[in-house]
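Peer 1: Just so you know, the sequence shown maps onto residues 1218 to 1827 in the working numbering.
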Amino acid sequence: MCGIIGYIGKKQAAPILIESLRKLEYRGYDSSGIGVISSADGKIVFRKNKGKINALCNLLKFSPLPKTTCGVSHTRWATHGAPNRINSHPHVDESGQFLVVHNGIIENYEVLKDSLIKKGHKFLSQTDTEVVPHLIQEYYKGDFLEAVKKAISKLKGAFALGIISSNHPDVLIAVRVGSPLIVGLGKDENFIASDVPAILEHTRRIIYLKDEQIAVLTKERVDVFNFDGTKVKPQVHNVEFKVDCVEKQGFAHFMLKEVHEQPQVIQHMINTRIVRNQLKLDGIGLSDKQLKRINNVVIVACGTAYHAGMVGRYAIELLANVPVAVELSSEFRYRKPIISNKSLVIAISQSGETADTLAAVREAKKRGAKILSICNVLGSSLSRESEGVLYTHAGPEIGVASTKAYTAQICMLYLLSLKLSLVHGTIRSGEFKYLVKKLKEIPALYHQILKDKSNIASIAKRSSHFGCFLFLGRNINYPSALEGALKLKEISYIPAEGYAAGEMKHGPIALIDEYRAVVCVATESDIYDKMISNIQEIRSRRGKVIAIATAGDEQIKNHAANVIYVPKTEQLFTPLTVAIPMQLIAYYIAVKRGCDVDQPRNLAKSVTVE
Ligand code: M6R
């Protein structure tokens, strides 16, 4: 969602603040802004604009900023108030002494705003954020940090803040409650950012601020305090990402690049997690004895991660014979879930910052469950709140549409199912070895699928005019259908529904006519014939079928004019192979329709508010 950058140092701050902000564009935003302290007179100056960062840059051409070595910049994803210039960040108090950028939601802003208005403060925007600079000004008696501390003690909700003051031109203050914020340490310069990739070019020495911490940055030093005022010695991490992880490397879009990274992501997971045919799930945080005590699993996740969780359910129940419930985090948090100290809650999240998943985890912990997270981003809030973390190490995922994170999550869930089946004694050694062997083949199969992507591209392009898509799958590929539909709708804006094929006659068949396309997962399986029957039902109603089938299946051509083949693998692992055509169908259709593939409208990469 919103992105924050802050700089204090010796260099000209504005170009750094703008360029680093561009690296946060992937998070999703609708307006942007920058606020600095003028080196000439110490005054606060800011510019903001609706739309992309280029719109801000155009404004800066006509209305340039003064020379400056300290400032903050921001991309806004509207929550309170329309995406327009007034509501864009930064926000300042009316005296122009305090300037704030904010990510998150201040839940009690209306009460605070009313009381500030009664005291004579004047507000310009409809945002929740604007109360913050006014509150700081209200409490300011000469000590910047004290005023910030008093102001944030009044705030409820989740927020990351970057704050500068004309009274203290050599200080930048950062605050974290719930929303991610990091500090980057440089030589004679320091940074704040919502995410590591934004400042990788400048430093790899990172402090992940914890909840309820304040960082006070000058160009020479960074001091971190807990909200109670105690000074803490933060851990400094040396981040190992390569800068090219956050570049397109010749691909037209990040999404396409990330689709192509899947062979290496899965290969890396296999190499590091299966050593001499032994599972190496370092970080799992639970002993075999604890895993053996578990009598049910609850998976919580949102969006694509939820679909990965559904695949995980099939795998865990099949291999380990442990009952699994898969829950949308946003629903789970408001139910009274039945969880005991024998339950294992698995939270799946690429970002590890999804507000609903974090809330679900907190709810489950209150009920005594152990939390194991499957997460991509190192040091994320989720990883810190879990007993165990299985990092997928898929590398930064920049495209808003999740691709490599999804298949990495599924692969990790297969490994976890194998682990549980060993601990629960539900798998024979021969079967274990066979499944490991089949899993090891996946990267090579991925290369084959990607080599033949031109067929997928041409089918997708020929189908891009359809106004509605249905995705059908059964059993372990029911989640694949849901994921295919999600990918298509989020990047092409075409209405798309994912269904369990067996449900078709219970409603969705009413949609079928010559104007609908239906993507059917018809890979080799125990229920292949049933899928063929579904396809026939669609064809007899003149629906256009795109079938995803197993290489060598000639029979399917009698039923579908458009066939995408994936190489044969074990039935259990087909969601991994089917995922790539699903991603590419969505990708090529979106490109053909001229959509912004990497930054689809209204979407944010990590949903840090409820
Ligand atoms: O970071 P997370 O995995 O927790 O994010 C969950 C969803 O917001 C995410 O998967 C979303 O659905 C993607 N845009 C799907 O492509």
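All residues carry an ideal CB built from backbone N, CA and C; glycine is no exception. Every value quoted in this text rests on a predicted model; they were computed, and no experiment measured them.
1. Please report how far the alpha carbon of Leu1599 lies from the alpha carbon of Val1348, in whole angstroms.
2. Decide yes or no for the touch test of the stretch 1687-1697 against the stretch 1514-1534: beta carbon pairs closer than 8 Å, at least 3 of them.
3. Between which two residues does the beta strand (DSSP E) holding Lys1582 run?
4. For the beta strand (DSSP E) containing Arg1393, name the first residue and the last one.
5. What is the residue span of the alpha helix (DSSP H) that Asn1751 lies within?
6. Evaluate Val1476 with the Cβ neighbour count: other Cβ atoms within 10 Å of its Cβ, from every protein chain shown; 16 or more gives buried, anything less gives exposed.
7. Could you tell me the alpha carbon to alpha carbon distance between Asp1746 and Val1762, rounded to whole angstroms?
8. Less than 8 Å between the CB atoms is what I'm expecting for Tyr1326 and Trp1294, so what's the real figure, rounded?
9. Which residue marks the beginning of the beta strand (DSSP E) containing Glu1544, and which one marks its end?
10. Quick check: the Cα distance between Asp1730 and Glu1787, rounded to an integer number of angstroms?
11. Quick one: measure Cβ to Cβ for Pro1660 and Ile1483, integer angstroms, because I've assumed they're closer than 8 Å.
12. Looking only at its own chain, which residues have a Cβ that is under 6 Å from the Cβ of Ile1726, when we skip the five neighbours before and after it?
13. Is the separation between the beta-carbon of Ala1581 and that of Val1562 shorter than 8 Å?
14. Mind the definition here: the stretch 1773-1785 touches the stretch 1734-1742 only if three or more C-beta pairs lie below 8 Å; say whether that holds.
15. Regarding Cys1812 and the ligand M6R, is the C-beta to nearest heavy atom distance less than 7 Å?
16. My output table needs one value for His1664: the three-state DSSP class, helix, strand or coil.
17. Do you know how far the Cα of Ala1768 is from the Cα of Ala1821?
18. Tell me which residues share the same chain as Glu1429 and place their Cβ nearer than 7 Å to its Cβ, disregarding the 5 neighbours each side in the sequence.
19. Between Ile1752 and the rest of its own chain, which residues show a CB-CB distance below 7 Å, the 5 nearest in sequence each way excluded?
20. Could you spell out the range, first to last residue, of the alpha helix (DSSP H) harbouring Tyr1782?
21. What I want to know is whether the C-beta of Thr1571 ends up closer than 7 Å to one or more non-hydrogen atoms of the ligand M6R.
22. Classify Val1514 as helix, strand or coil using the three-state DSSP reduction.
23. Do Leu1316 and Ile1390 have their C-beta atoms closer together than 8 Å?
24. Under 7 Å from any heavy atom of the ligand M6R, does the C-beta of Cys1219 make it?
25. Can you tell me the Cα-Cα spacing of Lys1704 and Leu1417, whole angstroms?
26. Who are Tyr1224's beta bridge partners in DSSP?
27. To the nearest angstrom, report how far apart Asp1573 and Glu1714 are at their CA atoms.
28. Can at least three beta-carbon pairs, one atom from the stretch 1405-1425 and one from the stretch 1353-1369, be found at a separation below 8 Å?
29. Going by C-alpha distance, which of Leu1689, Ser1603, Glu1242, Leu1637 is nearest Leu1508?
Peer 2: The relevant details are as follows:
1. If you number the sequence shown from 1, residue 1599 lands on position 382. If you number the sequence shown from 1, residue 1348 lands on position 131. Approximately 29 Å, taken between the alpha carbons.
2. yes
3. Here residue 1582 refers to the residue found at position 365 when the sequence shown is read from its first residue. From DSSP, Lys1582 is part of no beta strand (DSSP E) but of the alpha helix (DSSP H) over 1572-1583.
4. Taking the first residue of the sequence shown as 1, we reach residue 1393 at position 176. Start and end: 1385-1394.
5. Translated into the one-based positions of the sequence shown, residue 1751 becomes position 534. From DSSP, the alpha helix (DSSP H) with Asn1751 extends over 1745-1756.
6. For the purposes of this step, residue 1476 is taken as the residue at position 259 of the sequence shown. Per the 10 Å Cβ criterion, buried.
7. Position 529 of the sequence shown, counting from 1, holds the residue named residue 1746. Position 545 of the sequence shown, counting from 1, holds the residue named residue 1762. Using only the alpha carbons, I get a separation of about 16 Å.
8. Counted from its first residue, the sequence shown places residue 1326 at position 109. Counted from its first residue, the sequence shown places residue 1294 at position 77. Tyr1326 to Trp1294, Cβ: 17 Å. No contact.
9. Taking the first residue of the sequence shown as position 1, residue 1544 is located at position 327. First-last of the beta strand (DSSP E) with Glu1544: 1541-1545.
10. Sequence index remark: in the sequence shown, residue 1730 carries index 513 (1-based). Sequence index remark: in the sequence shown, residue 1787 carries index 570 (1-based). If you take the alpha carbons of Asp1730 and Glu1787, they lie about 34 Å apart.
11. Numbered from 1 along the sequence shown, position 443 holds the residue referred to as residue 1660. Numbered from 1 along the sequence shown, position 266 holds the residue referred to as residue 1483. Between Ile1483 and Pro1660 the Cβ distance is about 5 Å, and since that is below 8 Å, they are a contact.
12. Translated into the one-based positions of the sequence shown, residue 1726 becomes position 509. The answer is none, since no qualifying residue turns up.
13. One-based indexing of the sequence shown puts residue 1581 at position 364. One-based indexing of the sequence shown puts residue 1562 at position 345. Yes, these two residues count as a Cβ contact at 8 Å.
14. yes
15. Counting from one through the sequence shown, the residue named residue 1812 turns up at place 595. No - the ligand M6R has no heavy atom lying nearer than 7 Å to the Cβ of Cys1812.
16. Within the sequence shown, residue 1664 is the residue found at index 447, counting from 1. His1664: helix per DSSP, three-state reduction.
17. Position 604 of the sequence shown, counted from the start, is the residue given in the question as residue 1821. Position 551 of the sequence shown, counted from the start, is the residue given in the question as residue 1768. Approximately 37 Å, taken between the alpha carbons.
18. Here residue 1429 refers to the residue found at position 212 when the sequence shown is read from its first residue. Excluding positions up to five away in sequence, the list reads Val1394, Asn1443, Phe1444.
19. Residue mapping note: residue 1752 aligns to position 535 of the sequence shown, counting from 1. Same-chain partners within the cutoff: Cys1737, Ala1739, Val1762, Ala1764, His1776, Ala1777.
20. Locating residue 1782 in the sequence shown gives position 565, where the first residue counts as 1. Run containing Tyr1782: none in the alpha helix (DSSP H); it sits in the beta strand (DSSP E), 1779-1783.
21. Here the question's residue 1571 lines up with position 354 in the sequence shown. Yes, since a heavy atom of the ligand M6R falls inside the 7 Å radius drawn around the Cβ of Thr1571.
22. Start at 1 with the first residue of the sequence shown, and residue 1514 comes out as number 297. Here Val1514 sits in strand by DSSP.
23. The sequence position of residue 1316 within the sequence shown is 99, counting from 1. The sequence position of residue 1390 within the sequence shown is 173, counting from 1. Not closer than 8 Å, so no.
24. In the sequence shown, the residue the question calls residue 1219 occupies position 2. Every heavy atom of the ligand M6R is 7 Å or more from the Cβ of Cys1219, so no.
25. Reading the sequence shown from its first residue, position 487 is the one you call residue 1704. Reading the sequence shown from its first residue, position 200 is the one you call residue 1417. Cα to Cα, Lys1704 sits roughly 29 Å from Leu1417.
26. In the sequence shown, residue 1224 corresponds to position 7, counting from 1. In the DSSP output, where bridge partners are listed per residue, Tyr1224 has Gly1288, Phe1408.
27. Against the sequence shown, residue 1573 aligns to sequence position 356. Against the sequence shown, residue 1714 aligns to sequence position 497. For Asp1573 and Glu1714, the distance between alpha carbons rounds to 23 Å.
28. no
29. Taking the sequence shown and counting its residues from 1, one reaches residue 1508 at position 291. Answer by Cα proximity: Leu1637.
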